[in-house]
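Protein chains: 2
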Amino acid sequence: MSAKNFVAVAQSGGPTAAINASLLGVIRGALSEKAGGVLGAVNGITGVLNDNFIDLKETFASDEARHLLKTTPAAYLGSCRHKMPDINSGEGEYERIFEVFKKRGISAFLYIGGNDSMDTVHKLSAYARAGDIPMSFIGIPKTIDNDLAVTDHCPGYGSAAKYIGAIVRETARDCEVYNTKSVTVIEIMGRNAGWLTAAAALAREKEGGAPHLIYLPETSFSMDGFLSDIKSLTAQNIVVAVSEGIRDKNGAYICEDASSGLSDIFGHKYLSGAGKVLERAVHEELGYKARAIELNTPQRSAAHIASLTDINEAEEIGRAGVCAALSGETGKMMVFERTGDYAIEIRSALTEKIANAEKKVPPGYIRGNNDITPEFLKYARPLIQGETRTVFENGLPKHIFR
Amino acid sequence: MSAKNFVAVAQSGGPTAAINASLLGVIRGALSEKAGGVLGAVNGITGVLNDNFIDLKETFASDEARHLLKTTPAAYLGSCRHKMPDINSGEGEYERIFEVFKKRGISAFLYIGGNDSMDTVHKLSAYARAGDIPMSFIGIPKTIDNDLAVTDHCPGYGSAAKYIGAIVRETARDCEVYNTKSVTVIEIMGRNAGWLTAAAALAREKEGGAPHLIYLPETSFSMDGFLSDIKSLTAQNIVVAVSEGIRDKNGAYICEDASSGLSDIFGHKYLSGAGKVLERAVHEELGYKARAIELNTPQRSAAHIASLTDINEAEEIGRAGVCAALSGETGKMMVFERTGDYAIEIRSALTEKIANAEKKVPPGYIRGNNDITPEFLKYARPLIQGETRTVFENGLPKHIFR
Chain A
558 MSAKNFVAVA QSGGPTAAIN ASLLGVIRGA LSEKAGGVLG AVNGITGVLN
608 DNFIDLKETF ASDEARHLLK TTPAAYLGSC RHKMPDINSG EGEYERIFEV
658 FKKRGISAFL YIGGNDSMDT VHKLSAYARA GDIPMSFIGI PKTIDNDLAV
708 TDHCPGYGSA AKYIGAIVRE TARDCEVYNT KSVTVIEIMG RNAGWLTAAA
758 ALAREKEGGA PHLIYLPETS FSMDGFLSDI KSLTAQNIVV AVSEGIRDKN
808 GAYICEDASS GLSDIFGHKY LSGAGKVLER AVHEELGYKA RAIELNTPQR
858 SAAHIASLTD INEAEEIGRA GVCAALSGET GKMMVFERTG DYAIEIRSAL
908 TEKIANAEKK VPPGYIRGNN DITPEFLKYA RPLIQGETRT VFENGLPKHI
958 FR
Chain B
558 MSAKNFVAVA QSGGPTAAIN ASLLGVIRGA LSEKAGGVLG AVNGITGVLN
608 DNFIDLKETF ASDEARHLLK TTPAAYLGSC RHKMPDINSG EGEYERIFEV
658 FKKRGISAFL YIGGNDSMDT VHKLSAYARA GDIPMSFIGI PKTIDNDLAV
708 TDHCPGYGSA AKYIGAIVRE TARDCEVYNT KSVTVIEIMG RNAGWLTAAA
758 ALAREKEGGA PHLIYLPETS FSMDGFLSDI KSLTAQNIVV AVSEGIRDKN
808 GAYICEDASS GLSDIFGHKY LSGAGKVLER AVHEELGYKA RAIELNTPQR
858 SAAHIASLTD INEAEEIGRA GVCAALSGET GKMMVFERTG DYAIEIRSAL
908 TEKIANAEKK VPPGYIRGNN DITPEFLKYA RPLIQGETRT VFENGLPKHI
958 FR
């Protein structure tokens, strides 16, 4: 390890309400483990490439700043969508990164992100090993999608699930006011994994209550089946939760925008509109009043109704990551293991098992092709418990930002 | 007055987070004024027509039920979109309504609603006067749109404004994470009046901060002007707040759905999509990453972040309505008058000044055609102060419903 023994941390991928709590955990962990200092790279790994760091010990010296960080959504340090080249073909980039690490006296790098970020952790760690560079690389999981392998759940998911549950329940109240048949389709994020869409079920207040139908991307979707599901319900005001990524039996997306061919740097297609397609079908085929509501990015940024369990766990796993890194572990992601009903233990797992893998909702949590099972509720309910102490100033949540 | 001296109450029009607080105010007012009882008509005036009432004294006897009512969004009694016929042409309907009032011993009817509901209050009161029927009809204002005449503001607006402010601020955090040019267009409710869209400005944390541009329906919108506004901004991640009802200089809606010709029973056109139209224009004409977020119905139902000021005022104005009715006032709507900085007084105003009128954002609150003035912030900020004590059960807001 470098004599300076600095810890560096960065954030990557899409925002969540919990990613800054993990950053706080890293800061607290580094300071309590007596690291020489804790530096934040701005905009993920590109901040390392550009030698663009913030002294986090200084910035978050006060309790007030730390509490604000814990309750501010998205990524304080900024994010990036930078895909690291292959170790063998990207010499220059790796050299530059390790040059900066050396210059700054950085002996541990913590990367808070999703599976693309775990791929980066995996590559950096392999590069260091191959070159006998005494550095640790540890991933801190983060994704509202809850689709990372090995870990019981991902920081960020519980808060997104709580927001979705609250909004679906409030939407149920909203729909119920009129005494005329209506169908409200709530479109929820989650391209391939239905964890977020399934979370809509947390809003259900009684057997047969809203949401009445839940369509995950894990099962194939048929428009005829959907319309027949709607017709078979006796409820006057039907609420449907649907994943943005539902596909037919041939794997074709139900949403219309998939044909646009737009995709991000990792090759993910930009999706939207499954809700609108269903809204139109209900209106045109059944003649019912129909409305689509796309929950959109507030699912990942609505920190004002974050889950305290999620935010506290996010901080804990950040802190645990520093301990693992400073005790010499590398090429690992920290994971939650569920014990009892309900507690968690934090351990580490090899990133190679996690990077580029995708954990979908298992069949045991899915009922038929339009609902979830009680087992899913048992899994998800502990994750949304408790409320954070949002700081309100002038009537609105106060945030801390660069 | 009838010997039984019962107070009846009903809710009408679109839901808000505050309409049940006004219902609670009516219940409390009726009981403290020693009315014989307080009955809730189910689904607005149609509940009277169908003689469908709930005994509210009994249902809301406990403090717990009352607190839940105050913090549950939408309309506990259900709503309707029933337009009363003209007094001279709708004999049968009026006879039926007054027969029910007489049978039930109802001497005062409170109608919580928007301007369509005030039209009903106006007509019922005129019919009673013409027939020398000793009954009082009082309107309690309610609309997230804040577009009712005479009153300083409407119950429901403050809570919607607080939700919009919180989400816009959280969206700003979300947008800022990437170091690439982006434009996020947030589409906000308010067909003709821009009060809700203007509320996005409450989220602004510093001069020149998000939201960077605000387009109200009160000013005419030009796509060229919009694209040029975007180009002139130096901010990397631009946030735009736009009303669903923006129109060009000829009065044509910018959203595409207006051409569908769909309209509700009162002839209002169903709108959606202005945000999407702007998103596409930014992407296609300027080549920037663009995303539209339609805030949709959570604007009116997100009770989990309601404004305490709004909810308390909503209860007070409900209570004041009962006092006015039992002291013999009729054909009036209760209104807020702002005194000092900041207090309100409640008085009554003739419904004929209010029904079918629409209060738009005045020129003094609008800056150019893409922002609001500090005077608007001075007007709106007091309305979003304070947070209600939401009851959480199993991690989600608990509601009371029929």
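Chains as they are written, first to last, in the numbering used here: chain A, 558 to 959; chain B, 558 to 959. Every residue, glycine too, gets a C-beta built ideally from N, C-alpha and C.
- Residue-chain proximity (residue 734 of chain A, chain B), Cβ-Cβ < 8 angstroms: Within the first sequence, residue 734 of chain A is the residue found at index 177, counting from 1. Output row for residue 734 of chain A: interface = yes.
- beta strand (DSSP E) segment containing residue 565 of chain B, residue limits: The sequence position of residue 565 of chain B within the second sequence is 8, counting from 1. 563-568 is the extent of the beta strand (DSSP E) around residue 565 of chain B.
- Burial state of residue 780 of chain B, where buried means 16 or more other Cβ atoms lie within 10 Å: Here residue 780 of chain B corresponds to residue number 223 of the second sequence, with the count starting at 1. With fewer than 16 Cβ atoms within 10 Å of its Cβ, residue 780 of chain B is classed as exposed.
- Message: With a threshold of 8 angstroms between beta-carbons, can residue 673 of chain B be considered close to chain A, or not?
- Response: In the second sequence, the residue the question calls residue 673 of chain B occupies position 116. So no, residue 673 of chain B is outside the interface.
- Just reading off the alpha helix (DSSP H) that residue 921 of chain B is part of, what are its end residues? If you number the second sequence from 1, residue 921 of chain B lands on position 364. Neither: residue 921 of chain B is in no alpha helix (DSSP H) and is coded neither H nor E.
- Segments assigned beta strand (DSSP E), at least 3 residues, entirely inside the stretch 633-713 of chain B: 663-670 and 693-698
- Could you give the distance in angstroms between the alpha-carbon of residue 578 of chain A and the alpha-carbon of residue 942 of chain B? On the first sequence, position 21 is the one that residue 578 of chain A refers to. On the second sequence, position 385 is the one that residue 942 of chain B refers to. So the alpha carbons of these two residues sit roughly 27 angstroms apart.
- Message: Is the beta carbon of residue 874 of chain A closer than 8 angstroms to that of residue 798 of chain A?
- Response: Here residue 798 of chain A is taken as the residue at index 241 of the first sequence, counted from 1. Here residue 874 of chain A is taken as the residue at index 317 of the first sequence, counted from 1. No, Cβ-Cβ distance for residue 798 of chain A and residue 874 of chain A is not below 8 angstroms.
- Message: How far does the beta strand (DSSP E) with residue 739 of chain A in it extend, from its first residue to its last?
- Response: Position 182 of the first sequence, counted from the first residue, corresponds to residue 739 of chain A. Residues 739-745.
- When the cut-off is 8 angstroms and only beta carbons count, does residue 572 of chain B lie next to chain A? Translated into the one-based positions of the second sequence, residue 572 of chain B becomes position 15. Closer than 8 angstroms: yes.
- Message: By the three-class DSSP mapping on this structure, what secondary structure does residue 936 of chain B have?
- Response: The residue labelled residue 936 of chain B in the question sits at position 379 within the second sequence. The answer is helix: DSSP assigns residue 936 of chain B an H, G or I state.
- Message: Counting only C-beta atoms, is residue 823 of chain B closer than 8 angstroms to chain A at any point?
- Response: Looking up residue 823 of chain B in the second sequence gives position 266. Residue confidence is low: residue 823 of chain B scores 44 on pLDDT, short of 50, so the model does not pin down where it sits. Its coordinate-derived value is still stated next. Judged by the 8 angstroms Cβ criterion, residue 823 of chain B is not in contact with chain A.
- Where does residue 900 of chain A sit, in a helix, a strand or coil, going by DSSP? Taking the first residue of the first sequence as position 1, residue 900 of chain A is located at position 343. Here residue 900 of chain A sits in strand by DSSP.
- To the nearest whole angstrom, what separates the beta carbons of residue 846 of chain A and residue 739 of chain A, a pair I think is in contact under 8 angstroms? The sequence position of residue 846 of chain A within the first sequence is 289, counting from 1. The sequence position of residue 739 of chain A within the first sequence is 182, counting from 1. So it is a contact: roughly 4 angstroms between Cβ atoms.
- Where does residue 753 of chain A fall in DSSP's three states? Locating residue 753 of chain A in the first sequence gives position 196, where the first residue counts as 1. Correct three-state label for residue 753 of chain A: helix.
- Using a Cβ-Cβ distance under 8 angstroms, would residue 864 of chain A count as near chain B? By 1-based counting over the first sequence, the position of residue 864 of chain A is 307. It does: the Cβ of residue 864 of chain A has a partner Cβ on chain B nearer than 8 angstroms.
- Item | Partners in chain B for residue 600 of chain A, counting only beta-carbon separations shorter than 9 angstroms | The sequence position of residue 600 of chain A within the first sequence is 43, counting from 1. Those are 734, 735 and 736, listed as they occur along chain B.
- Query: What is the C-beta distance between residue 750 of chain B and residue 718 of chain B, in whole angstroms, given that I count them as a contact (C-beta under 8 angstroms)?
  - Reply: Looking up residue 750 of chain B in the second sequence gives position 193. Looking up residue 718 of chain B in the second sequence gives position 161. Incorrect: roughly 13 angstroms between the Cβ atoms, too far for contact.
- Query: So, does the CB of residue 653 of chain A fall closer than 8 angstroms to a CB anywhere in chain B?
  - Reply: Here residue 653 of chain A refers to the residue found at position 96 of the first sequence. Chain B, which has no Cβ nearer than 8 angstroms to the Cβ of residue 653 of chain A, makes this no.
- Query: Which one of A/901, A/727 and A/622 has the shortest CA to CA distance from residue 862 of chain B?
  - Reply: Along the second sequence, one-based indexing puts residue 862 of chain B at 305. Comparing Cα positions, the closest option is A/727.
- Query: Is residue 803 of chain B helix, strand or coil by DSSP?
  - Reply: For the purposes of this step, residue 803 of chain B is taken as the residue at position 246 of the second sequence. Reduced to three states, the DSSP call for residue 803 of chain B is coil.
- Under a Cβ-count criterion, where at least 16 other Cβ atoms within 10 Å of its own Cβ denotes burial, should residue 664 of chain B be classed as buried or exposed? Residue numbering aside, residue 664 of chain B sits at position 107 when the second sequence is read from its first letter. Buried, because 16 or more other Cβ atoms sit within 10 Å of the Cβ of residue 664 of chain B.
- Query: If you draw a straight line from the alpha carbon of residue 889 of chain A to that of residue 583 of chain A, how long is it in whole angstroms?
  - Reply: For this step, residue 889 of chain A is matched to residue 332 along the first sequence. For this step, residue 583 of chain A is matched to residue 26 along the first sequence. About 15 angstroms.
- By Cβ distance, which residues of its chain are closer than 6 angstroms to residue 859 of chain B, with the 5 residues on each side in sequence left out? If you number the second sequence from 1, residue 859 of chain B lands on position 302. Correct list, in chain order: 720.
- Task: Could you tell me whether any Cβ in chain B is nearer than 8 angstroms to the Cβ of residue 860 of chain A?
- Result: Residue numbering aside, residue 860 of chain A sits at position 303 when the first sequence is read from its first letter. Yes, residue 860 of chain A counts as interfacial toward chain B.
- Message: Less than 8 angstroms between the C-beta atoms of residue 878 of chain B and residue 697 of chain B, yes or no?
- Response: Mapped onto the second sequence, residue 878 of chain B falls at position 321. Mapped onto the second sequence, residue 697 of chain B falls at position 140. Yes, they are a contact pair.
- In chain B, what lies closer than 7 angstroms to residue 617 of chain A by C-beta? Numbered from 1 along the first sequence, position 60 holds the residue referred to as residue 617 of chain A. Result: empty, since nearest Cβ-Cβ is about 17 angstroms, beyond 7 angstroms.
- Message: Less than 8 angstroms between C-beta atoms, sequence neighbours within five positions excluded: which residues of the same chain meet that for residue 932 of chain B?
- Response: Along the second sequence, read from residue 1 onward, the residue named residue 932 of chain B stands at position 375. Counting only Cβ-Cβ distances below 8 angstroms, and skipping sequence neighbours, we find 921 and 922.
- Task: Take the Cβ of residue 716 of chain B as the centre, count every other Cβ of all protein chains shown within 10 Å, and call the residue buried at 16 or more, exposed below.
- Result: Taking the second sequence and counting its residues from 1, one reaches residue 716 of chain B at position 159. Residue 716 of chain B comes out buried.
- Task: May I ask you to verify whether the stretch 610-618 of chain A touches the stretch 581-597 of chain A, counting CB pairs closer than 8 angstroms and requiring at least 3?
- Result: yes
- Is residue 926 of chain B close to chain A, meaning its C-beta is less than 8 angstroms from at least one C-beta of that chain? The sequence position of residue 926 of chain B within the second sequence is 369, counting from 1. No, residue 926 of chain B lies away from the interface with chain A (no Cβ there is under 8 angstroms from its Cβ).
- Quick one: is residue 837 of chain A near chain B, going by C-beta distance under 8 angstroms? Position 280 of the first sequence, counted from the first residue, corresponds to residue 837 of chain A. Not an interface residue.
- Any C-beta of chain B sitting closer than 8 angstroms to the C-beta of residue 637 of chain A? On the first sequence, residue 637 of chain A is found 80 positions in, with the first residue counted as 1. So, interface residue.
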